[in-house]
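Residues in the sequence shown are numbered consecutively from 316, following the working numbering. The beta-carbon is built from N, C-alpha and C at its ideal position, and this holds for glycine as well. Only a predicted model underlies this, so the values are computations on that prediction, with no experimental measurement involved.
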Amino acid sequence: MKNLRGTFDLLPNQLIKWQNIENIIKDQLYRSSVKEIRTPILEMTDLFTRGIGENTDVVSKEMYTFKDRGDRSCTLRPEGTASVARALINSGLSIKPQQKLWYMGPMFRYERPQAGRQRQFHQFGVEFIGYESYRSDVEIIALAWDILQKLGINDLNLELNSLGDNNDRKNYQKSFLNWLEKKYSYLDLDSQKRVNKNPMRILDTKNKDTIRILKEAPRLIDFLSDNSFERYSQIKDQLRFLRIPFEENFNLVRGLDYYTHTAFEITSGLLGSQATVCGGGRYDDLIKLMGGNKTPAIGFAIGLERLMLLADKEYERDRLVDTYIINKGLIAEKFAIDLSRRLRDLDFITELDISSASFSKQFKKANRLKAKSVIIIGDEEATKKEFLIRLFHENDYDNKEQKISFEDYLGLEKWLKTNLKNDPQG
Ligand code: HAM
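Listed below in structure tokens is the structure:
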């Protein structure tokens with residue numbers, strides 16, 4: 316049996332890096348007072364059609380949509396923002412109090428798989444709901460930037476644009492459509508198809524000839540109202556004050572229809588053609604569009620697979636086992652299980668050998684894991700209610716061993732704490 320194209324298993328050795336990175340992200344979110352929200356992976360199709368926009372690539376070409384047994388059209392979520400908005404409307408929380416939320420989990424898009432692009436991928440996202448001030452835009456961008464820095468990812472470019480409000484965009488579209496009509500025959504086929512459906516997306520084309528022609532197109536930034544322009548300028552000023560480097564990209568429109576004002580992406584030159592690790596922006600009209608009260612909001616999402624490609628090898632290192640319990644014999648094995656539970660209770664990372672293999676084989680296994688210490692229990696020791704403990708040193712276990720009584724848990728805890736602390740492996 317094969318897995319579906321574009322989906323992947325995450326095996327234990329890959330998950331070490333994954334979890335180390337997740338922990339850093341979660342710690343930073345905790346320190347930033349952002350709270351977790353979890354929404355269903357499966358939603359009504361209408362949520363995304365309305366929320367993301369019918370003419371976007373995501374909705375028109377990439378959704379995993381099917382009928383359930385009750386004949387309802389369901390979709391595996393292609394992103395998290397629309398679901399968070401729905402959850403807040405349903406629970407009556409969309410206006411007050413203001414909310415800073417995060418989520419992490421699988422998303423699904425039927426795209427052509429390649430490095431950094433999958434059909435089931437994972438996002439970690441943050442949404443600030445109910446925040447209007449330009450300062451929330453700055454905090455969101457800084458949060459994304461700082462998490463990537465904390466993970467030691469350099470070589471990043473932050474691209475920034477403002478899409479203005481509805482009115483600004485209406486004015487712009489009129490002028491842009493006028494221009495497009497004149498240039499229609501020079502556009503690539505894909506862009507021609509977009510003229511009537513979703514003209515702004517043409518700005519995001521990858522076609523080199525169209526990109527060249529677009530250099531002369533009217534720019535959305537020139538159609539911003541005074542208020543929109545002022546807002547955009549404040550964000551740029553504050554980012555400069557924080558020394559977060561950015562570049563303006565007036566063609567940055569993002570692939571989802573809900574954006575207003577700020578749009579941003581963080582890309583890395585190390586990712587090849589799928590260079591965007593983080594995408595986000597403001598979506599002041601989405602919650603109202605979905606039946607809630609008018610609620611300003613802004614957020615971003617980071618693709619975890621792309622983050623894995625960028626993060627250092629250092630995160631692949633697992634924590635070492637504090638003590639590996641070697642045991643053999645009917646009486647010894649009983650005591651060994653008991654001891655392993657008590658050690659975990661004392662917060663030591665413990666591995667209990669349940670192979671009943673020879674002592675030397677169990678020693679080899681402990682050595683392969685570089686367990687910081689081994690506890691050895693044979694029937695002889697167990698009958699005397701004792702066990703032996705040895706420390707790992709350089710590349711083997713010391714011959715010097717400590718005898719400890721099964722009843723003396725305090726003594727064991729003290730011994731491990733002192734000796735493991737002194738251990739150069741840390
Ligand atoms: P997005 O730009 O569609 O935005 O996706 C965000 C990130 O998810 C991308 O930058 C990329 O790292 C990752 N990603 C997207 N598609 C794939 C794929 N097929 N394979 C691997 N990674 C992928 C959103 O989804 C918005 N909901 C972000 C947002 C939150 N805006 C406001 N709040």
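Exercise. Whose C-alpha, out of 528, 598, 564, is nearest the C-alpha of residue 497?
Worked result: Distances from the alpha-carbon of residue 497 to those of 528, 598, 564 put 528 closest.
For this session: Below 8 Å on the Cβ atoms is my guess for residue 539 versus residue 483; work out the distance and round it to an integer in Å.
Result: Residue 483 and residue 539 do touch by the CB rule: their CB atoms are close to 5 Å apart, below 8 Å.
Problem set entry | residue 581 to residue 568 span [Cα, whole Å] | Residue 581 and residue 568: Cα-Cα distance of roughly 14 Å.
Exercise. Under 6 Å from any heavy atom of the ligand HAM, does the C-beta of residue 620 make it?
Worked result: When distances are taken from the beta-carbon of residue 620 to the heavy atoms of the ligand HAM, the shortest one is below 6 Å.
Exercise. Does any heavy atom of the ligand HAM sit closer than 6 Å to the C-beta of residue 358?
Worked result: The answer is no for residue 358.
Exercise. Mind checking whether the beta-carbon of residue 424 lies closer than 6 Å to any heavy atom of the ligand HAM?
Worked result: Yes, the ligand HAM has a heavy atom inside 6 Å of this Cβ.
Exercise. So which of 424, 616, 691 has the shortest CA-CA distance to residue 459?
Worked result: Residue 616 holds the alpha-carbon nearest to the alpha-carbon of residue 459 among 424, 616, 691.
Problem set entry | Residue from 445, 565, 711, 724 with nearest C-alpha to residue 612 | It is 445.
Problem set entry | the ligand HAM heavy atom lying under 6 Å from the CB of residue 432 | Within the cutoff, so yes.
Exercise. Can you tell me whether DSSP reads residue 429 as helix, strand or coil?
Worked result: Strand, per DSSP.
For this session: Could you check the C-alpha separation between residue 556 and residue 480 for me, to the nearest Å?
Result: Residue 556 and residue 480: Cα-Cα distance of roughly 25 Å.
Problem set entry | Close-in-space but distant-in-sequence residues of the same chain around residue 369 (CB under 7 Å, 5 per side omitted) | Non-local C-beta neighbours of residue 369 in its own chain, meaning closer than 7 Å and more than five positions away in sequence, comprise 375, ordered along the chain.
Exercise. How is residue 577 classed by DSSP in three states: helix, strand or coil?
Worked result: In the structure shown, residue 577 sits in a strand (DSSP, three-state: E or B).
Exercise. Is residue 552 helix, strand or coil when you go by DSSP?
Worked result: Here residue 552 sits in helix by DSSP.
Problem set entry | C-alpha gap between residue 658 and residue 639, whole angstroms | Each residue's Cα considered, the two are about 11 Å apart.
For this session: Return the CA-CA distance between residue 514 and residue 629, expressed in angstroms with no decimal places.
Result: Computed Cα separation, rounded: 44 Å.
For this session: Could you say which of 604, 418, 379, 509 lies nearest to residue 574 if we only look at CA atoms?
Result: Here the closest residue by C-alpha is 604.
Exercise. For residue 476, which of 492, 433, 543 has the nearest alpha-carbon?
Worked result: The shortest CA-to-CA distance from residue 476 to any of 492, 433, 543 is the one to 543.
Problem set entry | Length at least 3, wholly inside the region 496-555: the beta strand (DSSP E) runs in chain order | DSSP runs (the beta strand (DSSP E)) wholly in the region 496-555: none.
Exercise. To the nearest angstrom, how far is it from the Cα of residue 583 to the Cα of residue 331?
Worked result: About 23 Å.
Problem set entry | Residues sharing a beta bridge with residue 333, DSSP | DSSP lists no bridge partner for residue 333.
Exercise. Sorry if obvious, but does the Cβ on residue 616 come closer than 6 Å to a heavy atom of the ligand HAM?
Worked result: Proximity of the beta carbon of residue 616 to the ligand HAM is indicated: a heavy atom of the ligand is located closer than 6 Å.
Exercise. Alpha carbon to alpha carbon, what distance is there between residue 533 and residue 490?
Worked result: Going from the Cα of residue 490 to the Cα of residue 533 covers about 7 Å.
For this session: Just mark residue 588 as buried or exposed, buried being the case when its beta carbon has 16 or more other beta carbons within 10 Å.
Result: Classification for residue 588: exposed.
For this session: Could you pull out every unbroken beta strand (DSSP E) segment of at least 3 residues lying fully inside the region 353-379, listed in chain order?
Result: Listed in chain order, the beta strand (DSSP E) runs fully inside the region 353-379 are 357-359, counting runs of at least 3 residues.
For this session: Tell me residue 692's beta-bridge partners as DSSP assigns them.
Result: Residue pairing by DSSP puts residue 692 in a beta bridge opposite 642.
For this session: Just list the alpha helix (DSSP H) runs in the region 602-635, keeping only unbroken ones of 4 residues or longer that don't cross its boundaries, in chain order.
Result: Counting only runs of 4 or more, we get 619-625.
Problem set entry | Span of the beta strand (DSSP E) around residue 418 | Run containing residue 418: 414-423, per the beta strand (DSSP E) assignment.
Problem set entry | Enclosing beta strand (DSSP E) for residue 687 [first to last residue] | That residue, residue 687, is in no beta strand (DSSP E); it is neither H nor E in DSSP.
Exercise. Nearest CA to the CA of residue 391: which residue from 405, 406, 355?
Worked result: Looking at the Cα atoms, 355 is the closest of the given residues.
Problem set entry | Candidates 560, 558, 559, 577, of which the one nearest residue 566 by Cα | Nearest option by C-alpha distance: 577.
Exercise. In whole angstroms, what separates the C-alpha of residue 471 from that of residue 618?
Worked result: Annotation: residue 471 to residue 618 spans about 14 Å, alpha carbon to alpha carbon.
Exercise. How about residue 440 and residue 366: are their beta carbons less than 7 Å apart?
Worked result: No. Outside cutoff.
Exercise. Between residue 545 and residue 341, what straight-line distance do the alpha-carbon atoms span, to the nearest angstrom?
Worked result: In this model, residue 545 and residue 341 are separated by some 34 Å (Cα to Cα).
Problem set entry | residue 648 classed as buried or exposed, judged by whether at least 16 other C-beta atoms fall within 10 angstroms | Its Cβ being crowded by 16 or more others within 10 Å, residue 648 is buried.
Exercise. Roughly how many angstroms lie between the CA atoms of residue 397 and residue 552, to the nearest whole one?
Worked result: If you take the alpha carbons of residue 397 and residue 552, they lie about 30 Å apart.
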